[in-house]
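First comes the structure, then the notes that go with it.
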Ligand code: C2E
Ligand code: CA
Ligand code: CA
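Numbering (this note's numbering), first residue to last: 12 to 577.
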């Protein structure tokens, strides 16, 4: 068993080196002491080297380069590399017998040297390994922090930096902008991906200029979605025109259109996901006529009302067409010998045919107002039950999944029936079905909720109190309502870094859970610090980006395969 693990690890870390050397014997000697630790490729001059690198630069982790070669020498390769960002990502080591060429090579960006003849193989191997590691770390950090194409921040880092930005500029009003290019996919089809990428880079450049001049930060989310957080402006027209001119100048066609949603004067205490969602919601109401470029978020504006109506009107079709997709976010038990996948939470997303991906923060509150939420939740129960059945058939085990029940669902007399039908028709045992009810539901209609929870619990379902700590009658509700799991609101974890008092409150709630014999769950766990604190404090289960974001069904199934093998 142990050797298997080791072998797997070896496979994982074995890297590929390209040896570029015209002297066959020299190359063979080098290969003889590298072949145990690396996969090797050979090229016999600079031209061959570039051909291999251009064919698949991602496969190669390091290049060992001779300088004096026929057809194309090492210097020429190094010159080429200086202007090619793809090649700059790969470390180059020059093999040389002459100390005097070193200076010139350094100017050409060479990372290290190996002396010929090769007298100490072990040192050479160690140096190569270290150089590869150094480069990898650098690119991993860069990749998660920045969007690869535009070098703008990734969304994760953007959100983190928004909080820092608030701290750094406490007294200044700030706006959040969501920028989207409609029908951008047509540019991919018309001009090809490379050119469309160039357009995205150009838009990113305008954004970079803008944030440089106006104190701000910017990110690219997937595809053609950009976000800016900056000092409040009364008038953005110059910037918008600039972006539009760029897009027009590059596309020569009138099919794409820039639309911007603005959430002005952001309250720094507001959840950044909600702020982003509102800016995005505003961007979606910008109609596709050229005269309208931006909209400012205003819940009661005519356009917002119109947008909401449009969402409501497309609901039925989207249910039929399965535009709603259920994502699964893993929850891990952290109190055992090793962290174990314990269950997952089902979270719905809407892949709207016109607007693209819409987050539940936008449509759930809307559907709660008009009763569509019942139909949506029923859809989710069925999708979840279907997946649980499928995974059981494929992987031989049920994985518990929790579904969210909206607070208005409580008044739905068919709720219990809907849940039973979804799971019973697929023979999914109730003990694997967790029902998350948000705590604010407990403070209204208490009798109904007590009856519902008791009834579901008697039938074997597991009841979770969601968002614990946000409601009004928090402790009071614990007395009467039958439940099994208590899920701390994310806010506690968010504020963990700010205030020692929060740590005490979390500890107190966790102690309480232990005393009354219910499981504790913390959500929104993002950092190692959060994790260590919660583990120490005795929290049973953890959910959050620290382990994983909510995943589409196929990615969650892949994770399941890995976890079940452990
Ligand atoms: P919730 O039940 O409190 O769900 C947790 C939310 O936190 C999810 O947002 C999840 O993606 C997010 N989250 C998870 N880990 C982290 C983290 O480490 N950091 C941060 N910042 N966020 C994290 P999401 O998916 O946008 O859902 C928002 C809310 O929409 C949910 O809050 C839930 O109330 C509601 N919702 C989602 N799906 C459904 C559904 O199928 N039915 C009903 N009724 N409500 C749903
Ligand atoms: Ca939940
Ligand atoms: Ca929650």
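Ideal Cβ placement from N, Cα and C applies to all residues, glycine included.
Identify the continuous alpha helix (DSSP H) that holds residue i and give its terminal residues.
i	result
residue 316	313 to 331
residue 262	248 to 262
residue 196	196 to 202
residue 93	85 to 93
residue 294	283 to 295
residue 542	539 to 548
residue 385	383 to 406
residue 465	457 to 469
residue 65	57 to 66
Could you give the first and the last residue of the continuous beta strand (DSSP E) run that contains residue i?
i	result
residue 351	351 to 363
residue 227	227 to 231
residue 421	Residue 421 -> no beta strand (DSSP E), and no H or E assigned at all.
residue 572	Run containing residue 572: none in the beta strand (DSSP E); it sits in the alpha helix (DSSP H), 564 to 576.
residue 494	No beta strand (DSSP E) holds residue 494; DSSP gives it neither H nor E.
residue 369	367 to 369
residue 533	530 to 533
residue 473	473 to 479
residue 125	123 to 126
Could you say which of the options lies nearest to residue i if we only look at CA atoms?
i	options	result
residue 449	407, 438 and 480	480
residue 54	46, 44, 74 and 70	74
residue 312	331, 160, 330 and 292	292
residue 395	353, 338, 384 and 492	338
residue 440	411, 57, 182 and 139	411
residue 323	226, 207, 400 and 381	381
residue 72	203, 443 and 52	52
residue 389	407, 352, 355 and 428	428
residue 319	525, 241, 366 and 80	366
residue 36	407, 129 and 258	129
residue 404	437, 193 and 387	437
residue 65	101, 111, 79 and 84	101
residue 109	124, 59 and 435	124
residue 407	88, 574, 87 and 225	574
residue 211	181, 182 and 259	259
residue 496	252, 468 and 510	468
residue 228	280, 201, 166 and 160	166
residue 491	97, 501 and 465	465
residue 309	169, 342, 201 and 272	272
residue 566	200, 442, 340 and 530	340
residue 232	222, 164 and 204	164
residue 577	418, 470 and 349	349
residue 334	387, 357 and 288	387
residue 121	183, 501 and 142	142
Short check: CB of residue i to CB of residue j, under 8 angstroms?
i	j	result
residue 503	residue 517	yes
residue 447	residue 416	yes
residue 38	residue 32	yes
residue 61	residue 105	no
residue 277	residue 187	yes
residue 331	residue 362	no
residue 499	residue 541	no
residue 238	residue 189	yes
residue 383	residue 326	yes
residue 433	residue 472	no
residue 532	residue 545	no
residue 192	residue 307	no
residue 296	residue 317	yes
residue 58	residue 40	no
residue 421	residue 460	yes
residue 580	residue 552	Because the chain spans 12 through 577 in this model, residue 580 falls outside it and cannot be assessed.
residue 168	residue 156	yes
residue 247	residue 185	no
residue 220	residue 244	no
residue 359	residue 371	yes
For residue i, which beta-bridge partners are listed by DSSP?
i	result
residue 27	50
residue 341	355
residue 305	271
residue 415	447
residue 76	31 and 105
residue 1	The chain is shown from 12 up to 577; residue 1 falls before or after that span and cannot be answered.
residue 161	DSSP lists no partner for residue 161.
residue 336	360
residue 236	191
residue 552	344 and 532
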